[in-house]
Amino acid sequence: MNTGISGVKWESEGCCYISEREGEQIDRALLKNVLDIFVEIGMGQMDYYENDFEAAMLKDTAAYYSRKASNWILDDSCPDYMMKAEECLKREKDRVAHYLHSSSETKLLEKVQHELLSVYATQLLEKEHSGCHALLRDDKVEDLSRMYRLFSKIPRGLEPVANIFKQHVTAEGTALVKQAEDDAASNGFRRLKVIHVFIQVFVRKVIELHDKFMAYVNDCFLNHTLFHKVTDLTLARENQTSFEEYLSNNPNANPGIDLTVTVLTTGFWPSYKSFDLNLPAEMAAALLLFNASDRLSYQEIMAQLNLSDDDVVRLLHSLSCAKYKILNKEPSTKTISSTDVFEFNSKFTDKMRRIKPDVKAIKKRIEDLITRDYLERDKDNPNLFKYLA
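Residues 1 to 389 in full-length UniProt numbering are what the sequence shown lists, from first letter to last.
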């Protein structure tokens with residue numbers, strides 16, 4: 001337990017936090033104001049919040065859910081346990097939204113997921129009468145969907161689920177084949193008509209089994225982006241293997257280079273927005289030259305742009321010597337000479353982000369800080385504020 005004022009505050013806040021987890025009503029607004037103090041006294045730094053509050057909060061969170069999970073895993077079925085785990089994660093996200101700092105969300109959820117899911121994953125999935133095998137056997141699509149949602153969020157969480165799914169499908173298919181063999185053997189293949197009927201029934205059952213498990217995939221996983229990503233990568237590996245086999249069997253078609261192609265489905269992978277770039281015509285023309293060449297000399301640029309020497313100097317200076325260096329110049333000097341060589345700066349980024357602040361929210365926040373004696377308004381200039389140490 002911390003000592004001093006931070007320890008006293010955490011003891012009070014921790015009690016409120018745990019009480020709310022147990023279903024009691026607390027003053028969330030008051031708790032948020034108290035926690036905001038940790039951020040505000042750091043003057044933009046999160047050290048006070050992280051060291052004096054967050055570290056103790058995460059430790060107590062892990063201990064709390066460890067106790068809960070140890071009881072739930074013994075008393076509850078797999079579906080009931082997963083419902084409780086999902087509800088706990090939902091409530092913790094809600095607490096972050098209402099009074100914790102947003103930087104705590106990922107760390108807090110990871111603690112909860114570890115204690116509720118990672119620690120008891122094997123025991124939960126292999127519960128005898130309600131685990132993953134039982135859910136697949138009884139067609140519990142809703143529970144299987146919840147299982148996917150929960151375990152897809154923890155590292156390597158889907159591997160044991162996938163293994164159980166594979167075992168179940170293999171067992172179902174094997175049982176179907178064995179049943180067909182036993183039925184055929186019992187009739188002794190005495191009549192061709194009987195054999196024909198057996199074949200029809202067997203094929204129909206295989207198709208039904210395929211449709212059944214495809215329905216599982218569609219209902220439980222298909223709406224999740226991660227599933228589509230895994231599918232894309234699996235198909236890409238299969239296509240690459242087939243392509244390499246084709247080249248080995250057809251040497252004349254080999255292009256003579258190592259070629260690897262990954263085809264991805266639009267909409268399931270990160271994409272980047274395109275932006276309209278507004279530039280003077282001369283500057284745009286200069287940049288377009290680098291689509292055809294990686295490096296260009298001063299003389300080459302001037303010859304292709306057909307501009308005067310003064311115009312080229314001014315243009316290249318703005319692109320390579322100003323604050324934003326779109327072009328790299330050799331030698332790296334602040335002046336342009338006829339012997340310089342230029343190269344497009346492919347690593348250029350601009351970290352500046354333009355934001356439009358909410359004026360009403362800022363005014364409200366200032367008034368709140370004045371009320372709490374963190375700021376005071378200047379007596380002579382009402383637009384000037386003084387920080388009170």
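Heads up, the beta-carbon is just placed ideally off N, CA and C, and yes, glycines get one too.
- Of the residues LYS127, LEU305, THR266 and THR265, the one whose Cα lies closest to the Cα of ALA284 is LEU305.
- Around the beta carbon of ASP380, a 10 Å sphere encloses fewer than 16 other beta carbons of the protein chains shown; the residue is thus reported as exposed.
- One Cα belongs to THR231, the other to MET82, and the distance between them is close to 26 Å.
- The beta carbon of GLU105 lies closer than 6 Å to those of VAL96 in the same chain, with the five residues before and after it left out.
- In the structure shown, the three-state DSSP call for PHE348 is coil.
- Going by beta carbons, ARG156 and GLU86 fall outside the 8 Å limit.
- Apart from the 5 residues on each side of it in sequence, GLN299 sits with its Cβ closer than 7 Å to the Cβ of SER338 in its chain, given in chain order.
- The alpha helix (DSSP H) runs lying completely inside the region 272-338 and spanning 4 residues or more are 281-288, 298-305 and 309-320, given in chain order.
- In the assembly as shown, SER320 is a buried residue. Its beta-carbon has 16 or more other beta-carbons within 10 Å.
- LEU279 and PHE344 have their C-alpha atoms roughly 16 Å apart.
- Below 8 Å, too few C-beta pairs join the region 114-124 and the region 163-183 to call them touching: fewer than three.
- Here DSSP, grouped into helix, strand and coil, assigns ARG365 to helix.
- Residue burial annotation: TYR148 is buried, with at least 16 other C-beta atoms found within 10 angstroms of its C-beta.
- In the structure shown, VAL261 adopts coil according to DSSP, grouped into three states.
- For LYS107, the secondary structure class from DSSP, reduced to helix, strand or coil, is helix.
- Within the DSSP secondary-structure output, VAL341 pairs in a beta bridge with SER297 and GLU330.
- By the beta-carbon neighbour count (other beta carbons within 10 angstroms, threshold 16), SER130 is buried.
- Looking at LEU296, SER103 and TRP72, the one whose alpha-carbon comes closest to that of CYS88 is TRP72.
- Per DSSP, LYS90 is one residue of the alpha helix (DSSP H) stretching across 78-98.
- The beta carbon of SER77 sits closer than 6 Å to the beta carbons of SER130 from its chain, once the five residues preceding and following it are set aside; these are given in chain order.
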